Every structure is written in C-alpha cells, then in structure tokens.
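See below for the structure under consideration.
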Amino acid sequence: MTAEKYDVVIIGGGINGVGVAQAAAAMGYSVLLLEKNAQLALETSGRSSKLIHGGLRYLESLEFSLVRESLKERELLLKLAPDLVRLQTFNIPVYNDTSRSALTLRLGLSLYALFAGLNKKHFYHQVKSVNWSELDGLQTKNLKTVFQYSDAQTDDTALTRAVMASAIGLGAECQCEAEFVRANVDKDKVTIQYQKNGVLKTVTTSALVNASGPWVCPVNKRIFPQSTILKPDLIQGSHLLVKTAISQAYYLEAPQDKRAVFLLPWKSHALLGTTEHVYQGDPVGMHVLDEEKNYLLKVYEHYFPEHEQELLATTTGCRVLLPAGASLSKRSREIHFEVDDAMQPRVISIVGGKLTVYRQTAIKIMSVLRKTLPVKKVIADTARLKLTPID
Ligand SMILES: Cc1cc2nc3c(=O)[nH]c(=O)nc-3n(C[C@H](O)[C@H](O)[C@H](O)COP(=O)(O)OP(=O)(O)OC[C@H]3O[C@@H](n4cnc5c(N)ncnc54)[C@H](O)[C@@H]3O)c2cc1C
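Going by my numbering, the sequence shown opens with residue 375, and the numbers climb by one from there.
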C-alpha cells in the first residue's frame with residue numbers, strides 16, 4: 375500500500391501548529407496536523423494568560439522588535455477575530471513602595487502607545503483619585519496614582535480551534551488522538567509514523583514541522599537521522615481562577631519579589647497569574663504547587679484585601695525558553711527555530727514563542743520551508759482571513 379503524501383506535516387495542535395497549518399494551506403500546500411490529545415489546545419495554548427499583547431514588561435528587557443511585532447498582530451487580530459480578541463482596560467497602581475516609579479511607567483506606556491501606532495484608543499491616562507472607588511476594591515492605602523491603558527484579551531483555546539477551522543476551510547487535515555511515533559528523513563521526503571486508535575499509520579511529506587511545544591526535544595529524538603537541537607528550559611507558569619467578578623484588568627507588582635502579576639476578568643470570575651520557575655521532567659505530570667498558590671494569593675490579598683479568596687480552579691503550563699543568564703522574567707520571548715539542513719530544510723522545530731505572534735511565527739516557518747517545498751498557487755492571505763469561534 376502506498377503511503378499518503380503531504381507537502382507539510384505538523385506535529386502539535388497548539389497555537390503554533392495550527393498557525394503553520396493555516397499558513398501552509400493558504401499557500402496552497404497539502405497539510406496534515408497530528409495532535410496526540412483528543413482536542414486541540416489542551417496544553418500550553420489553553421493555559422496561557424490569554425493576552426494578545428505586546429508585553430509591556432518586555433520593554434524592560436529591551437525586546438523592542440518583539441513588542442512592536444506583537445502590537446501589530448494585536449491590531450490585526452482585533453479586526454480579524456472580533457468575537458475572540460477584545461480590548462480590555464488595564465490598571466497599573468503605583469504605591470509609595472512600588473519599585474517602578476510613575477516616571478518609568480509613563481515612559482513605558484508612552485513607548486507602548488508609540489509602538490501600537492499612536493492610535494488614540496491605545497493612549498494611557500491617569501485615573502482621578504475620585505474614581506479609585508470604581509476599581510473593584512483595589513487597596514487605596516498609600517496609593518499614589520493609577521495608570522490606565524488598553525490591551526487585548528482572548529480565549530486561547532477558542533482562538534487555537536478557530537485558526538485550525540480556518541486551515542481546514544483551506545483544505546488542511548487535522549487528526550486528533552494521533553500521536554507522532556517516529557520519522558525518517560531522506561533526501562527527497564520524510565516518512566512519518568503515527569499511532570491512531572491503536573493502529574500505526576504511515577504518511578510521507580516534503581517537510582515536517584515539530585510544533586510540539588514543551589515536547590520539542592522528546593519529539594526531535596524520534597526523528598532520524600538525529601539532529602541535535604538546543605535544549606530549552608521548561609518554565610512552569612500557573613494561574614488561579616478566583617471567585618470574584620471584576621470589571622477591569624490589573625497589572626500588579628508582587629510585593630514578595632517585584633514580579634508582574636495579572637488579575638484579569640475571566641468568564642464572570644478573575645484569573646490570577648502567573649508564576650515562573652524551571653520545571654524538570656515530563657510536562658504531563660505538572661501540577662500547581664502549594665507555594666505557587668500561596669504566592670499568588672498573597673499578591674491578591676495585598677491588593678484586594680476585602681475580596682474573598684475562594685479558588686474555583688487552577689491551571690498550569692510550560693513556557694519553552696532558551697537558556698540564558700537573565701532572570702526568568704527577563705529571558706527573551708523571541709521565537710527560535712532549529713532546522714535540520716539550512717540549504718534544504720526538511721525538519722523544522724519551534725522553540726518558544728507567544729500566542730500573540732502565532733501568525734508571524736507561521737509566516738517565518740513557511741519562508742524557511744519554501745526552499746524545500748514546490749511552488750504552488752497561493753489561495754489566501756492569513757492577514758485577511760476572518761476567525762470565528764466554533765462550537
Ligand atoms: C503560564 C503561561 C502564560 C502565557 N501567557 C501568554 C499570553 O498571555 N500571551 C501570549 O501571547 N503568550 C503567552 N504564553 C506563551 C504561549 O502560551 C505559548 O508560547 C504557546 O501557547 C505555545 O504554543 P505551542 O503550539 O508551541 O505549544 P502547545 O500549545 O503546548 O502545543 C503543543 C502540542 O503538541 C502536542 N504534542 C506533543 N507531543 C506530541 C506527539 N508526539 N504527537 C502529537 N502531538 C504531540 C501536545 O499535545 C500539544 O497540544 C504563555 C505561556 C505560559 C506557560
């Protein structure tokens with residue numbers, strides 16, 4: 375029996391995998407996406423802070439090009455996916471003991487607005503003290519000022535599924551409960567085996583994309599001949615869903631270590647996160663630690679002392695970051711690609727990235743793979759494809 379042939383096979387149904395599926399299908403390629411879970415976005419892409427943002431804090435680590443690129447994508451996604459990506463009001467309170475001064479925040483917010491294209495809707499302002507009582511019970515003792523600006527929030531799971539639906543609309547195939555087993559790379563093709571319903575299936579492809587997120591290294595080890603890739607760190611980040619209705623989002627400075635922590639409105643409640651520490655082992659066994667809960671609840675209590683602390687749920691996920699000397703929160707969020715052969719790339723692995731820039735990530739991947747793939751007639755432009763939630 376001859377194996378089915380594809381131009382591009384993608385391992386992983388998180389935001390990066392589905393983004394590549396959409397971009398490749400839009401370029402006219404035949405695409406197969408394999409996801410080991412029963413549904414898409416059950417791993418990192420469903421456990422994020424759900425922000426489509428430039429990342430105000432990345433200005434501190436001078437990641438200007440990433441912030442600018444992310445803000446451009448935010449603008450585009452607000453147009454392409456109005457039912458999935460919406461502007462949200464954010465507040466940054468500044469107290470007597472806040473480490474970032476009002477001047478520093480003013481500078482950061484001005485730069486953020488500048489990178490967003492100086493559109494009036496993205497300008498920041500200071501909340502008048504007479505209006506502080508409207509800030510969901512925020513602690514006002516020793517409060518000096520509150521900056522207000524806008525950023526975007528999404529439903530990360532729904533966004534991922536909407537992007538795959540768009541890819542399927544362009545002809546891509548998606549197989550869930552389909553676990554990649556191994557691949558053999560030859561000069562002219564890659565032969566892939568995956569397991570579905572207990573049956574081992576074989577397909578061939580011109581290019582293979584390893585978009586398995588935290589599993590990028592174990593998956594790479596099953597691709598032969600083996601090429602070494604830079605081993606990233608897995609950084610665990612957790613969120614708590616607290617039973618409180620809040621009307622706006624808050625960008626808080628953890629009193630314990632001065633890290634940024636968000637409190638975000640989420641489905642009639644509040645999402646509090648995130649934490650950050652290096653994780654060792656298989657992400658499958660990852661769970662929210664008691665110290666993470668205590669850390670986040672302490673931040674919450676510090677800023678919202680009157681709120682009850684009833685926990686409804688917890689989530690935890692892994693960022694994939696390249697090792698570097700910088701502290702975890704200051705490590706680069708820029709995406710990194712590993713290619714088996716720069717002249718004729720057949721296998722490309724995605725290391726890291728952000729939900730926000732999935733579309734740009736996919737464009738970059740496809741521009742690398744163009745060297746190997748046949749020329750096809752482009753059928754769509756992902757910058758124009760509307761994204762709608764699927765039921
Ligand atoms: C706590 C936290 C908060 C974050 N907040 C934000 C934010 O607010 N905004 C933002 O822009 N970014 C954010 N990020 C970053 C963003 O979430 C990630 O960069 C992104 O989700 C990574 O997507 P991915 O597709 O690479 O990985 P994943 O979503 O993990 O997808 C990989 C997929 O591969 C599958 N897979 C693995 N092995 C196999 C196999 N053998 N066969 C088949 N399938 C396999 C997995 O099941 C999984 O579904 C956050 C990250 C974390 C951890």
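All C-beta atoms in this analysis are idealised placements derived from N, C-alpha and C, irrespective of residue type, glycine included.
Just so we're clear, the structure is a prediction, and the values are computed from it rather than from any experiment.
In the DSSP assignment, N668 falls within the unbroken alpha helix (DSSP H) covering 664-677. For T756, no alpha helix (DSSP H) run applies, since DSSP gives it neither H nor E. In this structure, V555 keeps its C-beta atom at 8 Å or more from the C-beta atom of V694. Bridge pairing for C548: L407 [DSSP]. Contact check for V573 against N584 fails: the beta carbons are separated by 8 Å or more. Annotation for V658 indicates a beta carbon at 7 Å or more from all heavy atoms of ligand 1. Following the DSSP letters along the chain, one finds P592 inside the alpha helix (DSSP H) bounded by residues 590-594. According to the DSSP assignment, K453 belongs to the alpha helix (DSSP H) that extends over 438-454. Burial state of T534 is buried, judged by a 10 Å Cβ sphere holding 16 or more other Cβ atoms.
In the three-state reduction of the DSSP assignment, K424 falls in the coil class, being assigned neither a helical nor a strand state. For Q600, there is no enclosing beta strand (DSSP E), as DSSP gives it neither H nor E. For S642, the closest alpha carbon among the candidates Y653, I620, H651 is that of I620. With a cut-off of 8 Å on Cβ pairs, the stretch 529-543 is not in contact with the stretch 509-517, counting fewer than three such pairs.
No Cβ-Cβ contact shorter than 8 Å links P697 with Q513. By the CB criterion at 8 Å, V392 and T579 fall outside the cutoff. L492 and K446 have their C-alpha atoms spaced approximately 12 Å apart. K760 is the residue among Q500, S404, K760 whose C-alpha sits nearest the C-alpha of L454. Here the alpha carbon of V616 sits roughly 39 Å from the alpha carbon of I603. Burial check for N390: the Cβ neighbour count within 10 Å reaches 16 or more, so the residue is buried.
A distance of 8 Å or more separates the beta carbons of L461 and Y568.
A557 places its beta carbon less than 8 Å from that of I597.
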